Amino acid sequence: DAMVNTKSNTGRGDQSRKMLPPVLIVSITIVSIEVIVGFTGNGFIAIVNSINWIKSKNISSADMILIFLSTSRCILQVTIMIHIHSLYFTDVTKLSSVYKAFGAVWMFVNHASLWFSTWLYVLYCVKIINFTQRLLLQIKLRIAGMIPWLLLGSLGISSMTSLPLLWITPGTYLCSSTGNCRENSTDHITNWDSSHLYLLLLYFAGCFFPLVLSVVTSALLINSLWKHTKKMQCYIDSFRDPLIDVHLTAIKSIISFLVLYLSSFAAQILLTLSTSQSKDVWKVAVSLVVAGAYPSVHSIILIIVNSKLKLAFRTICQYFKCRLENVTS
Numbered sequence: 099d100a101m102v103n104t105k106s107n108t109g110r111g112d113q114s115r116k117m118l119p120p121v122l123i124v125s126i127t128i129v130s131i132e133v134i135v136g137f138t139g140n141g142f143i144a145i146v147n148s149i150n151w152i153k154s155k156n157i158s159s160a161d162m163i164l165i166f167l168s169t170s171r172c173i174l175q176v177t178i179m180i181h182i183h184s185l186y187f188t189d190v191t192k193l194s195s196v197y198k199a200f201g202a203v204w205m206f207v208n209h210a211s212l213w214f215s216t217w218l219y220v221l222y223c224v225k226i227i228n229f230t231q232r233l234l235l236q237i238k239l240r241i242a243g244m245i246p247w248l249l250l251g252s253l254g255i256s257s258m259t260s261l262p263l264l265w266i267t268p269g270t271y272l273c274s275s276t277g278n279c280r281e282n283s284t285d286h287i288t289n290w291d292s293s294h295l296y297l298l299l300l301y302f303a304g305c306f307f308p309l310v311l312s313v314v315t316s317a318l319l320i321n322s323l324w325k326h327t328k329k330m331q332c333y334i335d336s337f338r339d340p341l342i343d344v345h346l347t348a349i350k351s352i353i354s355f356l357v358l359y360l361s362s363f364a365a366q367i368l369l370t371l372s373t374s375q376s377k378d379v380w381k382v383a384v385s386l387v388v389a390g391a392y393p394s395v396h397s398i399i400l401i402i403v404n405s406k407l408k409l410a411f412r413t414i415c416q417y418f419k420c421r422l423e424n425v426t427s
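Under the numbering used here, the first residue of the sequence shown is numbered 99, with each subsequent residue one higher.
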């Protein structure tokens, strides 16, 4: 990451802004588009489910998770843009205290959103798969009442894996609270310091369990849905049952979620391991795009596979189409 310029080197800072590698400019542009799409999609999910909750005065477990998930991702989209800006431009986030607070917020919403998406697929897994074990049957019956506590527990765990960042001194951001920075602060980082290691350990600590749970539950869901689909295809030869299409769509969405989840996890690790050296420019650029794609693309997938959200989206599109026709006519 590029270090902060001193106040006396404002001219050099303006020059460095113009000398960003073209690949990073393209990468930042793509991520900006991803953030706009993701913020819109997740905001739509949160608003639709919240309105339905207020109207019906009741909410399903899946909708509750979607509200928590989409809200956390909206905050995450904002932190992504602030983070990109702070990496390549001089601003207040270069102050050590501000940077640490921002890092803790980013880590918190990132881990929380991973937990929320995991609970969504755990819920689907428990509801769809027929279990024979007594313990799993008890979980299946009580999962609805457990969801609020699981969501609150996720917030608690995310806090524990993000708040330690407030006590980590970031070696790459050397400005004091008065804005004074080291004289050589424009030099590139060539070596790791302890803050990189702590950041990586905290990221692993917050991501490991939701990652394992997501992979296991998604694999179980795909296996169950695929077996059920093959059974239905054996009995239905003359026409295509719409239920088979529903199952195949569900399988595709789960596979897409896994690919996005795992690729985003790998990209975040690469970003943590990367330095500002020129040899890392392509790796940083690609990692930024891949990491930014997960919360954005997954929101679109959730809208497509959720009948209620899809209907709401079509209604809104139809409304604007009618308004446009009235204006033009």
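C-beta atoms are modelled at their ideal positions from N, C-alpha and C, and glycine is treated no differently. In this text the structure is predicted, and so the values were computed from the model without any measurement.
The segment 255-264 makes contact with the segment 205-217; the number of CB pairs closer than 8 Å reaches 3 or more. CA-CA distance, Leu239 to Thr169, rounds to 27 Å.
In this structure, the straight-line span from the alpha carbon of Ala410 to that of Leu297 is close to 40 Å. Val425 counts as exposed, since fewer than 16 other beta carbons sit within 10 angstroms of its beta carbon. The shortest CA-to-CA distance from Ile173 to any of Ile352, Thr138, Leu122, Ser312 is the one to Thr138. In the three-state scheme derived from DSSP, where H, G and I count as helix and E and B as strand, Asn321 is classed as helix.
No residue range can be given for Trp265, since it is assigned to no alpha helix (DSSP H) and is classified by DSSP as neither H nor E.
Between the alpha carbons of Val382 and Glu423 lies a distance of about 45 Å. When secondary structure is reduced to three states using DSSP, Asn208 falls in the helix class. Sequence-distant Cβ neighbours of Tyr392 in its own chain, meaning closer than 6 Å and more than five residues away, are Leu358, Ser362. Closest by C-alpha distance to Gly304, out of Val176, Val135, Ile367, Val220, is Ile367. With contacts defined by Cβ atoms closer than 8 Å, Ile165 and Ala144 form a contacting pair.
Where Lys155 is concerned, there is no enclosing alpha helix (DSSP H), because DSSP gives it neither an H nor an E.
Judged by their CB atoms, Ile157 and Leu249 are not nearer to each other than the 8 Å cut-off. For the pair Arg421 and Val146, the Cα-to-Cα distance works out to about 21 Å. In this structure, Ile353 is the residue among Ile353, Gln175, Ile128 with its C-alpha nearest to the C-alpha of Leu323. Closest option to Phe200, judged by alpha-carbon separation, among His181, Ser215, Thr216: His181. Approximately 7 Å separates the beta-carbon atoms of Trp213 and Ser256; this is inside 8 Å, confirming the contact. Pairing Cys223 with Leu356, the inter-Cα distance amounts to about 14 Å. Between the beta-carbon of Ile237 and that of Leu221 there is about 11 Å, and that puts the pair past the 8 Å contact cut. Tyr301 and Thr370 do touch by the CB rule: their CB atoms are close to 6 Å apart, below 8 Å. Scanning Lys329, Pro308, Lys198 for the CA closest to the CA of Trp265 turns up Lys198.
The closest CA to that of Pro119, considering only Trp380, Ser385, Val388, Ile398, is found on Trp380.
The segment 118-150 is shown to contain no whole beta strand (DSSP E) run of 3 or more residues. Between Tyr219 and Ser312, the CB-CB gap stays under 8 Å. One alpha carbon belongs to Ile349, the other to Val403, and they sit about 10 Å apart. Shown here, Thr315 sits in a helix according to DSSP, grouped into three states. In the structure shown, Ile226 adopts helical secondary structure according to DSSP, grouped into three states.
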